Amino acid sequence: MYKQRKGIQVFVMVFVLLTQLISNQSFVYAASKKAAVKKQSVRTLTVDDDFIQKVYKKIVQRSSSFSIKYNGDWRTLNGNGLDVILDRVYAIDNKSTSDDFDYLKENVKQYSLRISTNGVTSTLTFSISYRETKEQTQKVNKTIKSKLNSMNLDKVSDYQKIKKIHNFIVNRVSYDQKYTKYTAYDALYKKEAVCQGYALLFYKMATEAGIPCRIVTSASHAWNIVKLEDKWYHVDVTWDDPVSDKPVLRYDYFLKGTKSMADVHVLNREFQTREFQKAYPISNTDYKKS
Numbered sequence: 001m002y003k004q005r006k007g008i009q010v011f012v013m014v015f016v017l018l019t020q021l022i023s024n025q026s027f028v029y030a031a032s033k034k035a036a037v038k039k040q041s042v043r044t045l046t047v048d049d050d051f052i053q054k055v056y057k058k059i060v061q062r063s064s065s066f067s068i069k070y071n072g073d074w075r076t077l078n079g080n081g082l083d084v085i086l087d088r089v090y091a092i093d094n095k096s097t098s099d100d101f102d103y104l105k106e107n108v109k110q111y112s113l114r115i116s117t118n119g120v121t122s123t124l125t126f127s128i129s130y131r132e133t134k135e136q137t138q139k140v141n142k143t144i145k146s147k148l149n150s151m152n153l154d155k156v157s158d159y160q161k162i163k164k165i166h167n168f169i170v171n172r173v174s175y176d177q178k179y180t181k182y183t184a185y186d187a188l189y190k191k192e193a194v195c196q197g198y199a200l201l202f203y204k205m206a207t208e209a210g211i212p213c214r215i216v217t218s219a220s221h222a223w224n225i226v227k228l229e230d231k232w233y234h235v236d237v238t239w240d241d242p243v244s245d246k247p248v249l250r251y252d253y254f255l256k257g258t259k260s261m262a263d264v265h266v267l268n269r270e271f272q273t274r275e276f277q278k279a280y281p282i283s284n285t286d287y288k289k290s
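In this text, residue positions in the sequence shown follow UniProt numbering: the first is 1, and each later residue adds one.
Laid out in structure tokens, this is it:
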């Protein structure tokens, strides 16, 4: 079961003449009933790439608290400013690592932001908690490298790579009925996880094997899509994992097209946008091995 992140609170500490605390609520300006209503100007959040890279490096390293100078208008950070910053961080896909992108996004548990400013420059202090520690991720990477090497994937097709990874996870992991295990570390070492842990482990292994892969979600579930040849297909390792402890392999949700999944897997809006569909054209039909 894919667990939604808890509500985010953004705290803004402002030092101009007096110290003020501003929550994530929007400002509301009320005039007298007789006065004309003045149209409120809209401030746009603009954050340069250098700033985003600084935040990215800290979060990839699993820093729990860090501060960065910010030269923009601090007022634009009120509301969803922190979410905008983190969305840009999550969009970074450094091909030299599989610790960022979807893997990073799904491992950030909670976050908050405190801002101190003199009216000209500001200091942004991020506080972030993670589902998987830096040490756990390093251990996952080491074990996955060993497991992939033992599969001799350099000698097989992309189809066989995806299938081998699928089979490895189904045989190793059991569904966590207590809903407390969410990470690839849990799936790999505790051998239990909810769908988020299954999807993270599949994403990590597929990416390390050179298979383009994403984690997608519905309102209460997480699974993967992978690129095979020129199309993308759904792979739901969780639903292919039988409830029994017997080593049974099935492929009911393996390399499926949109038509096969539409009744049981409804993508969240972020995965239904034109931009996403253009970048990741999911096949309408199931993959057929030639």
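Just so you know, even glycine gets a beta-carbon here, dropped at the ideal spot from N, CA and C. Remember, predicted model here, so these are calculated numbers, not experimental data.
Rounded separation between Lys161 and Lys109 - CA only = Residue 161 sits at position 161 when you count from the first residue of the sequence shown. Residue 109 sits at position 109 when you count from the first residue of the sequence shown. Looking at the two C-alpha atoms, the distance is approximately 31 Å.
Complete runs of the beta strand (DSSP E) confined to the region 161-248 [at least 3 residues] = 213-217, 222-228 and 231-235
Let me know the secondary structure DSSP gives Arg62 once reduced to three states.
-> Taking the first residue of the sequence shown as position 1, residue 62 is located at position 62. Here Arg62 sits in coil by DSSP.
Asp50 classed as buried or exposed, judged by whether at least 16 other C-beta atoms fall within 10 angstroms | Locating residue 50 in the sequence shown gives position 50, counting from the first residue. Answer is exposed; the Cβ neighbour count stays below 16.
Put Asn104 into one of helix, strand or coil per three-state DSSP.
-> Position 104 of the sequence shown, counted from the start, is the residue given in the question as residue 104. Per the sequence shown, residue 104 should be read as Leu rather than Asn. Note: Leu104 maps to helix in three-state DSSP.
Provide the residue span of the alpha helix (DSSP H) that contains Ser146, from first to last.
-> As a first step, residue 146 must be located in the sequence shown, where it is residue number 146. Looking at the DSSP string, the run of the alpha helix (DSSP H) that includes Ser146 is Lys134 to Ser150.
Between the Cα of Ala222 and the Cα atoms of Thr238, Ile211, Lys105 and Asp230, which residue gives the shortest distance?
-> The sequence position of residue 222 within the sequence shown is 222, counting from 1. For Ala222, the nearest C-alpha among the options comes from Thr238.
Would you call the region 226-236 and the region 246-256 in contact, with 3 or more CB pairs under 8 Å?
-> yes
Relative to the alpha-carbon of Leu201, which residue among Phe168, Leu45 and Val60 has its alpha-carbon at the smallest distance?
-> In the sequence shown, residue 201 corresponds to position 201, counting from 1. Residue Phe168 is the option with its Cα nearest to Leu201.
Beta-carbon gap between Val55 and Ile68 smaller than 8 Å = Taking the sequence shown and counting its residues from 1, the one referred to as residue 55 is at position 55. Taking the sequence shown and counting its residues from 1, the one referred to as residue 68 is at position 68. Yes, the pair counts as a contact, with Cβ atoms nearer than the cut-off.
Kindly indicate which residue of Tyr111, Phe101 and Asn80 has the alpha-carbon position closest to the one of Ser64.
-> Locating residue 64 in the sequence shown gives position 64, where the first residue counts as 1. If we check each option's Cα against that of Ser64, Tyr111 comes out closest.
Phe101 to Asp87, Cα distance in whole Å?
-> Locating residue 101 in the sequence shown gives position 101, counting from the first residue. Locating residue 87 in the sequence shown gives position 87, counting from the first residue. Looking at the two C-alpha atoms, the distance is approximately 10 Å.
Pick helix, strand or coil for Lys57, following the three-state DSSP scheme.
-> For this step, residue 57 is matched to residue 57 along the sequence shown. Shown here, Lys57 sits in a helix according to DSSP, grouped into three states.
Between Trp232, Leu249 and Ser174, which lies nearest to Tyr280 when the distance is taken from Cα to Cα?
-> Counting from one through the sequence shown, the residue named residue 280 turns up at place 280. Out of Trp232, Leu249 and Ser174, Trp232 has the C-alpha closest to the C-alpha of Tyr280.
Spatial distance of Pro242 from Leu45 (CA atoms) | In the sequence shown, counting from the first residue as 1, residue 242 sits at position 242. In the sequence shown, counting from the first residue as 1, residue 45 sits at position 45. So the alpha carbons of these two residues sit roughly 47 Å apart.
Span of the beta strand (DSSP E) around Ser122 | Here residue 122 refers to the residue found at position 122 when the sequence shown is read from its first residue. Where Ser122 is concerned, the enclosing beta strand (DSSP E) stretches over Ser122 to Tyr130.
Inter-residue spacing [alpha-carbon to alpha-carbon] between Thr137 and Ile128 = Reading the sequence shown from its first residue, position 137 is the one you call residue 137. Reading the sequence shown from its first residue, position 128 is the one you call residue 128. So the two alpha carbons sit approximately 16 Å from each other.
Under three-state DSSP, which class holds Ile92?
-> Residue 92 sits at position 92 when you count from the first residue of the sequence shown. Of the three classes helix, strand and coil, the one that applies to Ile92 here is coil, per DSSP.
Gln272, DSSP secondary structure in three states | Working through the sequence shown from its first residue, we reach residue 272 at position 272. Three-state result, Gln272: coil.
Quick one: Cα of Asp286 to Cα of His265, how far?
-> On the sequence shown, position 286 is the one that residue 286 refers to. On the sequence shown, position 265 is the one that residue 265 refers to. Going by the C-alpha atoms only, they are around 14 Å apart.
Would you say Asp158 and Ile215 are within 8 Å of each other, going by their C-beta atoms?
-> Taking the sequence shown and counting its residues from 1, the one referred to as residue 158 is at position 158. Taking the sequence shown and counting its residues from 1, the one referred to as residue 215 is at position 215. Cβ atoms of Asp158 and Ile215: not closer than 8 Å.
For Lys256, does the three-state DSSP call read helix, strand or coil?
-> On the sequence shown, residue 256 is found 256 positions in, with the first residue counted as 1. Looking at Lys256 - three-state DSSP - the assignment turns out to be strand.
From Val170, Glu208, Thr273 and Val235, pick the residue whose C-alpha is nearest to that of Lys95; which is it?
-> As a position in the sequence shown, residue 95 is number 95, starting the count at 1. Closest by alpha carbon: Glu208.
Cβ atoms of Tyr90 and Lys204: under 8 Å apart, would you say?
-> Numbered from 1 along the sequence shown, position 204 holds the residue referred to as residue 204. Numbered from 1 along the sequence shown, position 90 holds the residue referred to as residue 90. In this structure, Tyr90 does not lie closer than 8 Å to Lys204 by Cβ.
Which of helix, strand or coil DSSP assigns to Tyr251 | One-based indexing of the sequence shown puts residue 251 at position 251. Coil at Tyr251, not helix or strand.
To which residues does DSSP link Thr117 through a beta bridge?
-> The residue given as residue 117 occupies position 117 in the sequence shown. The partner list for Thr117 (beta bridge, DSSP) reads Ser122.
Put Tyr287 into one of helix, strand or coil per three-state DSSP.
-> The count along the sequence shown starts at 1 and reaches residue 287 at position 287. Here Tyr287 sits in coil by DSSP.
Per-residue DSSP class, three states only, for Tyr111 | Taking the sequence shown and counting its residues from 1, the one referred to as residue 111 is at position 111. Collapsing the DSSP output to three states places Tyr111 in a strand.
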